[in-house]
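J.: There's a structure below that I have some questions on.
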Amino acid sequence: MIRQNVRIEIDSADAKGEQLFAVVTVVAPEATDLADQPVLWFAWPGGGYNRHYFDLQLPGRNGFSEAEFHAKKG
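So for the sequence shown, numbering that gives the first Met the number 0 puts the first residue at 0; every next one is plus one.
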């Protein structure tokens, strides 16, 4: 499984001198796992949740990441 954090700069006239950016986590199977079935699945948490809501990593525990689940299913 590949897990990569990507920082995206946001150019906005409304920023009032502040630097705006978003950080997203990309979770994907190894390139050879689903090479014949490219899929893009997008999840946007709301309210008080952050990007880790869909990719829960618990020390010593596996199977709690919704992002990994969907990546494995293609």
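Beta carbons are placed, not taken as given, at the ideal position from N, Cα and C, and that holds for glycine.
Which same chain residues, not among the five before or five after N4, have their C-beta less than 7 Å away from its C-beta?
T.: These residues qualify, in order along the chain: V22, T24.
J.: Work out the CA separation of E67 and Q91 for me, nearest whole Å.
T.: This structure cannot speak to residue 91, because the chain is shown only from 0 to 73.
J.: Specify, as a first and last residue, the run of the beta strand (DSSP E) that E17 falls within.
T.: No beta strand (DSSP E) contains E17, which DSSP labels as neither H nor E.
J.: Can you tell which of R60, S64, F41, G59 has its C-alpha closest to the C-alpha of Y74?
T.: Summary: the structure shown does not reach residue 74, with the chain confined to residues 0 through 73, and so no result is reported for it.
J.: One question on the structure: do A27 and I9 come within less than 8 Å of each other, judged by their Cβ atoms?
T.: Contact flag unset, no.
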